[in-house]
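For the sequence shown, my numbering gives the first residue as 468, with consecutive numbering after it. Written below as C-alpha cells is the structure these notes are about.
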Amino acid sequence: MDKVIITAALTGSRTTKAHNPAVPYTPQEIAEDAVACWQAGAAVVHIHVRDPQTGAPSMDLALFREVVERIRARCDVVLNLTTSGLHLEGPDVLERRLAPVTLHPDLCSLDIGSVNFRDRVFLNPPEWGEVAARRMREHGVKPEIEVFDVGHVAQALDLIARGLVEEPPYFQLCMGVPWGIPATPENLLFLRSQLPPGARWSVLGVGRAQWTMVALGILLGGHVRVGFEDNVYLERGVLAASNAQMVEKAVRLVRDLGREVASVDEARAILGLPARPLAQAAPTATP
Ligand code: ZN
468 MDKVIITAAL TGSRTTKAHN PAVPYTPQEI AEDAVACWQA GAAVVHIHVR DPQTGAPSMD
528 LALFREVVER IRARCDVVLN LTTSGLHLEG PDVLERRLAP VTLHPDLCSL DIGSVNFRDR
588 VFLNPPEWGE VAARRMREHG VKPEIEVFDV GHVAQALDLI ARGLVEEPPY FQLCMGVPWG
648 IPATPENLLF LRSQLPPGAR WSVLGVGRAQ WTMVALGILL GGHVRVGFED NVYLERGVLA
708 ASNAQMVEKA VRLVRDLGRE VASVDEARAI LGLPARPLAQ AAPTATP
C-alpha cells in the first residue's frame, strides 16, 4: 500500500475568520500556513486566495502569484491551485477560472460536474472539463479531479477515455458537501468502486465528517485532505488553532492506523508528477 499523501486545504472560499479566527486571508498568511503544514507532514497544499482586506473569495492572479512565490521560496511542497471560481459569474468565467494554470503549479483542481450546493448551483458545464483538461495539459499541470457525486466519476472517465488526462488519474472524493454525496462509509466505498484501475484517490469530508472520512480514507488505502477549507474544528466543540494542527492530527491518525506519511518526493512519485527542483532556497526542515 502506498504511503499516505496528506493535502492541506488552507482557506477555500467559504470559511471565514468569523468561523475560526485562524483562517488565513492574505498571501502572507496563506503562505505561512502552507510552510507550517509542510513542516507538519503535508505533501500537498491546496490554495485559494482571498481579498486581503475583506476575506472575500478571489481569483486575482496577482494574489495567486504572490502566494506561489512566497511558498516556492521556502519549500518544495506540491502546489495545487484551485480553478473552482465558485463565486464567479459572467461570460468569461471559464477563462478567469483557468488563470491559475498559467502559474505552472504541480496540480490544479478540476471540478468535473455540476451540483446543487445548499445555496447555489456549482456550475461546471459539459465543455468545462475538456477545456480545463486541455489547458492544464498545455501548461504541464496535472488535474486533481474533484467529484461531488457519482455521476461526476462517469464524466471523468469520459475525459480519461479520450486521452485528456495523464496516467494515473488523480481523484479528490469530496464527501458531505450539502447537497453532494453524503459522507457515509457506504458512499465512500461505492465511489471508490467506480474509479478506474490504477487511479489515485484522496478523500475529504466537510464539517464534522472530516475526521471520519480521513480515518476511512487511511484504512481503505487512499490519501486524505484536511484544513480550514473543509472544517474548522479539531474535535467536537474545539476550534483548530491552525491548519498545521489539523495536519498534525492527520499524521497521528495515519501512524496509529498502521500506515506511513508520504514525503513530497514520495507524493510526486505516487501521483506521477515530475521531480521539481527548488526555485530558490533549500528547505530548512523535512517533515
Ligand atoms: Zn478548493
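Beta carbons are placed, not taken as given, at the ideal position from N, Cα and C, and that holds for glycine. Remember, predicted model here, so these are calculated numbers, not experimental data.
Can you tell me whether T549 sits near the ligand ZN, meaning its C-beta is under 8 Å from at least one heavy atom of the ligand? yes
Check whether the Cβ of G647 lies closer than 8 Å to any heavy atom of the ligand ZN, and answer yes or no. In this structure, the C-beta of G647 stays at least 8 Å away from each heavy atom of the ligand ZN.
Give every residue of the same chain whose Cβ lies closer than 8 Å to the Cβ of I627, excluding the five residues on either side of it in the sequence, and list them in chain order. P636, P663
Alpha carbons only, please: which of D616, L561, F589, K609 is nearest the one belonging to V598? L561
State the start and end residues of the unbroken beta strand (DSSP E) segment that holds I612. 609–614
So is the beta-carbon of S576 under 8 Å away from any non-hydrogen atom of the ligand FAD? By its list of ligands, the structure shown excludes the ligand FAD, since it contains just the ligand ZN.
Identify, in the order they occur along the chain, each residue of the same chain with its Cβ nearer than 8 Å to the Cβ of A666, setting aside the five sequence neighbours on each side. P635, P636, Y637, F638
Is any non-hydrogen atom of the ligand ZN found closer than 8 Å to the C-beta of S480, if you look at the structure I gave you? yes
Put I538 into one of helix, strand or coil per three-state DSSP. helix
For the putative contact between S669 and R692, defined by C-beta atoms under 8 Å, what is the C-beta separation to the nearest angstrom? 6 Å
Element boundaries [beta strand (DSSP E), containing G672]: Annotation for G672: the continuous beta strand (DSSP E) segment containing it runs 667–672.
N487 (DSSP reduced to helix, strand or coil): coil
Can you tell me which of the three DSSP states P652 falls into? helix
Inter-residue Cα distance where the pair is S576 and V535: Cα-Cα distance, rounded: 15 Å.
By alpha-carbon positions, which one of N698, K484, L553 ends up nearest to P519? K484
Along the chain, which unbroken stretches of the alpha helix (DSSP H) at least 4 residues long are found entirely within the region 618–654? Fully enclosed alpha helix (DSSP H) runs of 4 or longer: not present.
Locate the alpha helix (DSSP H) running through L738, then write down its first and last residues. 731–738
Exposed or buried, I538, counting other C-beta atoms within 10 Å across all chains shown (16 or more means buried)? buried
I need the straight-line Cα distance from L565 to E556, nearest angstrom please. 14 Å
Measure the CB-CB distance between R743 and D543 and report whether it falls below 9 Å. Between R743 and D543, the C-beta spacing is below 9 Å.
Rounded C-alpha distance that separates H486 from V471: 29 Å
Is H690 near the ligand ZN, judged by its Cβ being under 8 Å from some heavy atom? At a threshold of 8 Å, H690 does not count as near the ligand ZN, since its beta carbon sits no closer than that to any of the ligand's heavy atoms.
Start and end residues, beta strand (DSSP E) containing A476: 473–476
Note down, in chain order, each residue of its chain lying with its Cβ closer than 8 Å to the Cβ of A752, except the 5 sequence neighbours on either side. Below a pLDDT of 50, predicted positions are generally treated as unreliable, and A752, at 47, falls in that range; the measurement from the model is reported next regardless. If we look at A752 and ignore the five residues flanking it on each side, its Cβ neighbours are Q506.
Below 8 Å, is the gap between the Cβ of A509 and the nearest heavy atom of the ligand ZN? For the ligand ZN, not one heavy atom lies less than 8 Å from the Cβ of A509.
DSSP on V718, reduced to helix/strand/coil? helix
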